[in-house]
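One structure is given here, and the rest of the page talks about it.
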Amino acid sequence: MPLTTNTILICAGGACISSGEESVKNALERKIKEYNLQEAIKIVETGCMGACSIGPLMVIYPEGVYYQKLTPKAAEKIVEEHLLKGRIVEEYLYKGDKGKIVPQPQEEIPFFSRQVKIATRNLGIIDPLNIEEYIARDGYFALYKALKEMKPEEVINTIKESGLRGRGGAGFPTGLKWEFARKAPGDEKYMICNADEGDPGAFMDRSILEGDPHTIIEAMTIAGYAIGANKGYVYVRAEYPIAIERLSEALKQAHEYGFLGENILDSGFSFDIEIRIGAGAFVCGEETALINSIEGKRGQPRVKPPYPAQKGLWGKPTNINNVETLACVPPIIKNGPQWFRQWGTEKSPGTKVFALAGKVKNTGLVEVPMGITLRELIYEIGGGSPTGKKIKAVQTGGPSGGVIPEEYFDTPVDFESLTQLGAIIGSGGMIVLDEDDCMVDVAKFFLEFTVDESCGKCTPCREGTKIMYEILNKITNGEGTEDDIETLEKLGNIIKDSSLCGLGQTAPNPVLSTLRYYKDEYIAHVRDKACPAKKCRNLISYVIDTSKCVGCTACARVCPASCIDGEIKKPHEIDQEACIKCGSCIEVCRFGAISKVSPALD
Amino acid sequence: MLETCEKHIELYKELDSYIQNFKGKKGALINVLHKAQELFGWLPPEVQEYVADKLNISPATVYGVVTFYNFFSTKPKGKSQIKICLGTACYVKGADRVMERFLDELGISEGEVTKDGKFSVHGVRCLGACSMAPVVLVGEKDFYGKVTPDMVPSILKKYKGEG
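Just so you know, the sequences run in chain order A and B.
Mapping the first sequence onto our numbering, position 313 (from 1) lands on 313, and the numbers just tick up by one.
Mapping the second sequence onto our numbering, position 102 (from 1) lands on 1102, and the numbers just tick up by one.
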């Protein structure tokens, strides 16, 4: 076999694909072939490397040089310079503070160095479609240990002692869940992996499935052994075709290697996994709705109790864990519960993966110890605002969560602390909001989502969220009254108390939490007909400052409503009657002459 | 039995062989509907009845499932489906304005198909590429990240020749 001199790891995560990873890879391959280096240089497409804002990304080994914001042209240059001549191409290296070039940011930059990767330990490091690379990173060692050296009860105790809690949102202790399923009477039991990642803004489960599918197979098999199930299902969203493809391939490999199927590793234990594809219903992330969906039914939640541990899939005892939770299982089994507890807090041990998005510089996927403060997460790791605008709040937990204002950014991130603030960790989506974001509008966005996704079973959720949405619509249109604000609060609490499932019980949270911290914004909308963030269209006008306008005509040319008039080199004017408030003009003006005012001009 | 043209006979055959895979397995309906929609592009009443017949369940049950899930469509879709991510990150970065521009350029409303059958525009749930917000997906594979309303005409141009 010829010696491989260099290995190129290229990130094939969702964001890198959407920014052109494939054309970069093709360019690399073309150039490498041109110089006849195919034998010496290996290209590996990995899962998400996490630093999504600077993609497409690749790392060249053995040096570990980190190239970012790649283009096909960049790739060609890197082959010719770096791979052929050993000269690092500086223009595509990571640039830190003050433009300082950092060839190996993994060690120096907080975005990378502050992370502790447990659930995402293999992302961006291995080829997800190569089982041997997974094994080389201690993959399936935990399965061997569990099946050969531990009794099911010992496996459960290890998970219990580690303090691992469900990463899908509720934070229920995983070991306890396993114990319930183990103790439930019945010979036929099921193990389900919930990969119906529905919270908008969260993409860790997608990334784990795409970047490290074997860890889910290994963890599910361990869980199956612990609870006494021989059959597992992975329920994946239809929106994640790449995850489905890679998981299917990984299942095949696991069978070939004897990690799945009959008599695994000669232990006498048999286990198999089937993939079930969702069909676009947010409520199916709720475990009983998910069970109905696997059974081929409408995904409506069931009444609890009985809990799935007693009566789940096909009426049999069933255990359901989320993707990220499962990804923590193999390392805990392998290294022991105390190892896991060295990170995090007493009540929330270990790490959590967060998806940073919105108005923050370093968007992407980060895994950090629980107990880190929001400020560290958003400013140190996230790099703060990309535009210099003031960061106002962070929205956590998606449609079930709430907003946390900047004043509270020193709060440690753990299950209890965020709940106390009226938000939740949820699945780990963190959307950073700045002064341009209107809190009433954000609440309205989430309510629109819940109205659409309410399954219709419980009246308070089905009808109540609709009424709340209509009221929010009225307020953002400038037609609201102060009574409306009171109704929102009352209705929100009723829906919380009277809904069957988690979706309904948490649906009012985005409204209640914005009301808690930003009531003044609501009041401005109803009393002054003004939107302080200048976001709500009916409450703003665009105006041109005639002292700053140089008459370049850029705005007039881009205006889709042709409502900007003016001669060249003379100040322009917006016809307020005709303006559709699309904001195109403000984006093209290079002189800062256009601004928004609220309330709207008559 | 249903009246079908020759092309459809082939599609039904393919659906049949897919259904065979699920013999003896429970809860196949959703997977079968996915396959049917992949083959026919949407789920017209006759396809729903066909599936019901083959799986030996009532058409009402099939219809109930089809209408419950966003992914299944009881209306035809355009050759190029433009999916605009309406996740939170995309929303705060202006996905609503991108959507508006697409609809404006094509002269249709959300879910409608253009007269030439080439395009339909759909708001979809988070596509999980939040760092590239706002994100637009054309067909199954063509991702566009950091889309601004101004980019819309040039994106559409790429697909106008097709079909």
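By construction, the Cβ of each residue, glycine as well, lies at the ideal position given by its N, Cα and C atoms.
Note that the coordinates shown come from a computational prediction; the quantities given were computed from them, not determined experimentally.
Sequence-distant residues of its chain with Cβ nearer than 8 angstroms to residue i (five each side left out)
| i | result |
| --- | --- |
| residue 1043 of chain B | 1033, 1036, 1037, 1066, 1072, 1073, 1074 |
| residue 340 of chain A | 118, 162, 163, 164, 328, 331, 332, 349, 350 |
| residue 1110 of chain B | 1099, 1103, 1121, 1122, 1123 |
| residue 96 of chain A | 102, 105, 108, 109 |
Rounded straight-line distance, which links the Cα of residue j to that of residue i
| i | j | result |
| --- | --- | --- |
| residue 4 of chain A | residue 41 of chain A | 6 angstroms |
| residue 59 of chain A | residue 295 of chain A | 43 angstroms |
| residue 91 of chain A | residue 376 of chain A | 29 angstroms |
| residue 105 of chain A | residue 93 of chain A | 9 angstroms |
| residue 172 of chain A | residue 556 of chain A | 57 angstroms |
| residue 154 of chain A | residue 133 of chain A | 28 angstroms |
| residue 608 of chain A | residue 326 of chain A | Summary: the structure shown does not reach residue 608 of chain A, with chain A confined to residues 1 through 602, and so no result is reported for it. |
| residue 1014 of chain B | residue 1060 of chain B | 24 angstroms |
| residue 440 of chain A | residue 505 of chain A | 20 angstroms |
| residue 313 of chain A | residue 365 of chain A | 32 angstroms |
| residue 72 of chain A | residue 566 of chain A | 43 angstroms |
| residue 550 of chain A | residue 574 of chain A | 15 angstroms |
| residue 559 of chain A | residue 1151 of chain B | 14 angstroms |
| residue 142 of chain A | residue 218 of chain A | 8 angstroms |
| residue 1089 of chain B | residue 1134 of chain B | 7 angstroms |
| residue 1012 of chain B | residue 1023 of chain B | 17 angstroms |
Status (buried if at least 16 other CB within 10 Å, exposed otherwise) for residue i
| i | result |
| --- | --- |
| residue 38 of chain A | exposed |
| residue 10 of chain A | buried |
| residue 302 of chain A | buried |
| residue 35 of chain A | exposed |
| residue 1070 of chain B | buried |
| residue 1021 of chain B | exposed |
| residue 1117 of chain B | exposed |
| residue 450 of chain A | buried |
| residue 493 of chain A | exposed |
| residue 601 of chain A | exposed |
| residue 187 of chain A | exposed |
| residue 1064 of chain B | exposed |
| residue 568 of chain A | exposed |
| residue 1009 of chain B | exposed |
| residue 239 of chain A | buried |
| residue 300 of chain A | buried |
| residue 30 of chain A | exposed |
Contact under 8 angstroms by Cβ, residue i with residue j
| i | j | result |
| --- | --- | --- |
| residue 147 of chain A | residue 260 of chain A | no |
| residue 244 of chain A | residue 358 of chain A | no |
| residue 241 of chain A | residue 1105 of chain B | no |
| residue 597 of chain A | residue 540 of chain A | yes |
| residue 331 of chain A | residue 118 of chain A | yes |
| residue 249 of chain A | residue 176 of chain A | no |
| residue 453 of chain A | residue 281 of chain A | yes |
| residue 12 of chain A | residue 46 of chain A | yes |
| residue 472 of chain A | residue 433 of chain A | no |
| residue 204 of chain A | residue 324 of chain A | yes |
| residue 509 of chain A | residue 322 of chain A | no |
Same chain, Cβ closer than 7 angstroms to residue i, neighbours up to 5 away in sequence not counted
| i | result |
| --- | --- |
| residue 437 of chain A | 392, 533, 535 |
| residue 435 of chain A | 389, 390, 392, 533 |
| residue 298 of chain A | 292 |
| residue 182 of chain A | 152, 156, 226, 227, 228 |
| residue 23 of chain A | 72 |
Proximal residues to residue i (C-beta, below 6 angstroms), its chain only, five neighbours per side dropped
| i | result |
| --- | --- |
| residue 1158 of chain B | none |
| residue 586 of chain A | 594 |
| residue 19 of chain A | 55, 56 |
| residue 458 of chain A | 499, 500, 504 |
| residue 52 of chain A | 15, 363, 364 |
Residue i: CB within 7 angstroms of a non-hydrogen atom of the ligand GDP
| i | result |
| --- | --- |
| residue 537 of chain A | What this structure holds is no ligand at all, so the ligand GDP is not there to describe. |
Min CB distance residue i to chain C below 8 angstroms
| i | result |
| --- | --- |
| residue 363 of chain A | Checking the listed chains, one finds no chain C in this structure; the protein chains it contains are A and B. |
Under 7 angstroms, CB to CB, which of the residues in the stretch 1015–1027 of chain B have a partner in chain A?
1026, 1027
Beta carbons nearer than 7 angstroms to chain B: which residues of the stretch 243–256 of chain A have them?
none
Going along the chain, which residues of the stretch 1111–1133 of chain B sit with their C-beta nearer than 8 angstroms to a C-beta in chain A?
1124, 1125, 1126, 1127, 1128, 1129, 1130, 1131, 1132, 1133
Positions along the stretch 230–242 of chain A whose CB lies within less than 9 angstroms of some CB in chain B
237, 238, 239, 240, 241
When Cβ atoms are compared, which residues of the stretch 289–307 of chain A fall closer than 9 angstroms to chain B?
Taking 9 angstroms as the Cβ-Cβ cut-off against chain B, the residues of the stretch 289–307 of chain A that qualify are 293, 294, 295, 296, 297, 298, 299, 300.
Got a sec: which bits of the stretch 392–408 of chain A sit with their beta carbon under 8 angstroms from any beta carbon on chain B, in order along the chain?
395, 398
Mind checking the stretch 1028–1040 of chain B against chain A and listing, in chain order, the residues whose C-beta falls within less than 8 angstroms of any C-beta there?
1028, 1029, 1030, 1031, 1033, 1034
Any residues in the stretch 431–454 of chain A with a beta carbon nearer than 7 angstroms to a beta carbon of chain B? Which ones, in chain order?
Cβ contacts with chain B: 431, 433, 437, 445.
Return the residues of the stretch 1062–1074 of chain B that lie within a Cβ-Cβ distance of less than 8 angstroms from chain A, sorted by chain order.
1064, 1065, 1068, 1069, 1070, 1071, 1072
Name the residues in the stretch 1042–1062 of chain B whose C-beta lies less than 7 angstroms from a C-beta of chain A; which are they?
none
Going along the stretch 174–200 of chain A in order, which residues come within less than 8 angstroms of chain B, judged by CB to CB distance?
197, 198, 199, 200
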